[in-house]
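FYI, in my numbering the residues of the sequence shown are 799 to 1258. Have a look at the structure below, then the notes.
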Amino acid sequence: MGNKITLKEKVGYGFGDMASSMFWKLFGMYLLFFYTDVMGIAAAAVGTMFLITRIWDTFFDPVVGSLADRTHSRRGKFRPYILYMAVPFGVIGVLTFTTPGYGASGKLIYAYITYSAMMMIYSLINVPYASLLGVISSDGKERNTLASFRMAFAFGGSFIALALIEPLVNFFSKTSTGVMNLQRGWQLGVAVIAVICVTLFLLCFAWVKERVQAIKEDPAALKDDIRDLCKNRPWWILLGAGIAALIFNSIRDGATLYYFKYYIQNVEAFTLGSMHITYSTLYLMVGQGANILGVILASPAGNKIGKKNTYLGAMLIASVFSILFYWLGKGQLALIFIFQFLISVCAGIIFPLLWSMYADIADYSEWKNGRRATGLIFSSSSMSQKFGWTIGGALTGWLLGAFGFKANEIQADAAQHGILLMLSFLPAIGSILSIVFIAMYPLSETRIATISAELKQRRN
């Protein structure tokens, strides 16, 4: 099998995270809002549900990673999961945004079941997908490029999802009587996104190859792999940094719709034909466009000054602008959008660096222990992603409840001030914690190059 990574394969690899991110962005930006303002569940109850379901699912990720490491098929270790989970991913995603005809308790139970199922399916497809980065190529710079492709397509998918979802919901909500049926609108709007996601996953499966083989196939027990992982100091550091970064993003993302609807109180920006474009949609689209720019900058910056230094600089800038966001007035829409752009560029820079660092940690673990546990290590990236969203999502719901938020009503001053804090000071706590963790990361580019060379020699 050839070692050259073609443009088609890089694009195919990017398609996988484009599909994942389209739904993940809907979960992060809209699911809490859907549950409170469309399905009619209390914000605090949703926060608790996020905590309970995501904690279980977070610890499900390492199980999936270990299972994938032990998978042997003619299609590889990780690609089969993408093939077989693509359709369930789309179907369960639509059910998650479907409102059942039950009472308040029945709707909450339905939300628990469908959201739990969605997160498990997400693990079964996304953990193996993430692990592909460790087996497509063993070259560090090639991995930076692949990670940048991945994140560019991920943010591109998020951009498309955010651009489409509100107009789709508005379109499908219209009825012959003139009364908007938002429940039907959300169900059918998400169904359109689901079809796109399934198609992208299948193309990813078809276009990507697995190349890197372990020095030996080790039949070690799962407990041995977990013991090795627990002794892996760089893994612990990166896990903490990833969780903190996701808390930063999830609080800002989860509060965005509430910020424009209840704090700015200026929802509709303009109409395009029969489509209504809101300020929240524009704000989120600006963020995704800026994320893509950040991803593009990540690889050359990381190759020039190192992944660690690039990460530290980006998160420091994001922290400063997040804090300054607090003093932006309701009428300063131009500055609000400019700050969103600058913060999102920084957020876009860090995530491809995180994925590339996880691939480096897989090499470090194999070099140190003589066994390769790519799936288990990359499951930690998904685990940190979910755990960060778990804490951030739960905090968002709880904070709204604590600030006195009431859906579809004019908010009291305390609630409005609380929503403002959720776009400024509160997420900045997460970004500062991420800086503290990554400052301790020990794997420099020089050390990784030495490790890669030794591993190559052993494999030969």
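Glycine included, C-beta positions come from ideal geometry on N, C-alpha and C. The model shown is predicted, which means the values in this text are computed figures rather than measured ones.
Would you report the Cα separation of residue i and residue j, rounded to the nearest angstrom?
i       : j       : result
VAL809  : PHE895  : 29 Å
TRP1125 : LEU1224 : 14 Å
ARG1025 : ALA866  : 18 Å
GLY838  : TRP1005 : 42 Å
PRO926  : ALA1210 : 46 Å
LEU1037 : SER1182 : 6 Å
SER1229 : THR943  : 25 Å
GLY976  : GLN1063 : 24 Å
GLY1191 : ALA909  : 15 Å
PHE1046 : LEU1231 : 9 Å
LEU1044 : ILE803  : 30 Å
PRO860  : PHE876  : 14 Å
LYS939  : GLY1202 : 49 Å
LEU1218 : SER1117 : 15 Å
ILE766  : PHE953  : Nothing can be reported for residue 766, as the shown portion of the chain is limited to 799 through 1258.
GLY1216 : ALA1247 : 47 Å
ARG868  : PHE951  : 29 Å
TYR1060 : ILE1075 : 17 Å
GLY901  : ILE911  : 15 Å
MET1113 : ILE1121 : 12 Å
GLN794  : PRO1098 : Nothing about residue 794 can be read from this structure; the chain reaches only from 799 to 1258.
GLY1129 : TYR1077 : 13 Å
ILE1141 : THR856  : 27 Å
LEU830  : GLY1052 : 7 Å
SER1250 : THR1054 : 43 Å
MET847  : GLU807  : 39 Å
MET799  : VAL933  : Low per-residue confidence applies at MET799: pLDDT is 40, beneath 50, and the placement is therefore not dependable, though the value from the model is reported in the following sentence. Their backbone Cα atoms lie some 13 Å apart in a straight line.
SER929  : ARG941  : 12 Å
PHE1176 : ALA1157 : 8 Å
LEU1198 : ASN1258 : 57 Å
By Cβ distance below 8 Å, which residues in the same chain neighbour residue i in space, the five residues on each side in sequence not counted?
i       : result
GLY904  : PRO898
ALA1205 : THR834, ASP835, GLY838, ALA841
LEU1253 : SER936, ILE1013, ASP1161, GLU1164, TRP1165
ARG948  : TYR811, GLY812, GLY814, ASP815, LEU931, PRO1150, TRP1153
ILE923  : SER818, TYR879, ILE880, MET883, ALA884, PHE887, PHE999
In this structure, how does DSSP classify residue i when only helix, strand and coil are distinguished?
i       : result
THR1076 : strand
ILE839  : coil
ALA1210 : coil
PRO898  : coil
GLU1252 : helix
GLU1008 : coil
VAL977  : coil
ARG764  : An answer regarding residue 764 cannot be provided, because it is not within the stretch 799 to 1258 covered by the chain.
MET799  : With a pLDDT of 40 at MET799, under the threshold of 50, the modelled position of this residue cannot be trusted, and the question is left open.
MET847  : helix
GLY1129 : coil
ASN968  : helix
HIS1215 : helix
GLY1202 : coil
MET1220 : coil
MET816  : helix
MET949  : helix
SER871  : coil
MET1238 : coil
GLY1168 : coil
THR804  : coil
LYS1101 : According to the sequence displayed, residue 1101 carries Asn and not Lys. In this structure, ASN1101 counts as helix in the three-state DSSP scheme.
LYS1059 : helix
PHE1119 : helix
LYS790  : Given a span of 799 to 1258 for the chain in the structure shown, any question on residue 790 remains unanswerable.
PHE1135 : helix
I'd like the list of long-range same chain contacts for residue i, defined as Cβ closer than 6 Å, with 5 residues on each side in sequence excluded.
i       : result
ILE1041 : SER1182, PHE1185, GLY1186
ALA766  : As displayed, the chain neither begins before 799 nor continues past 1258, which places residue 766 out of reach and without an answer.
ALA989  : VAL892
Counting only the same chain and skipping the five closest in sequence on each side, list residues whose C-beta sits under 7 Å from that of residue i.
i       : result
LYS823  : SER956, ALA959, LEU960
TRP1260 : Any property of residue 1260 remains undetermined from this structure, which presents the chain solely from 799 to 1258.
GLY1087 : PHE957
SER971  : MET978, ASN979, LEU980, ARG982, GLY983
GLY987  : ILE963, LEU966, VAL967, PHE970
Q) When the Cβ atoms of the segment 841 to 854 are set against those of the segment 1184 to 1193, are three or more pairs found closer than 8 Å? A) The segment 841 to 854 vs the segment 1184 to 1193: in contact.
Q. Okay, do the segment 1234 to 1250 and the segment 1095 to 1110 touch, 3+ Cβ pairs below 8 Å being the bar?
A. Segments in contact, yes.
Q) Taking three-plus beta-carbon pairs below 8 Å as touching, is the segment 982 to 996 in contact with the segment 1108 to 1120? A) Segments in contact, no.
Q: Write down every uninterrupted run of the beta strand (DSSP E) in the segment 881 to 936 whose length is 3 residues or greater and which is fully enclosed by it, in chain order.
A: DSSP assignment within the segment 881 to 936 yields no whole beta strand (DSSP E) run of 3 residues or more.
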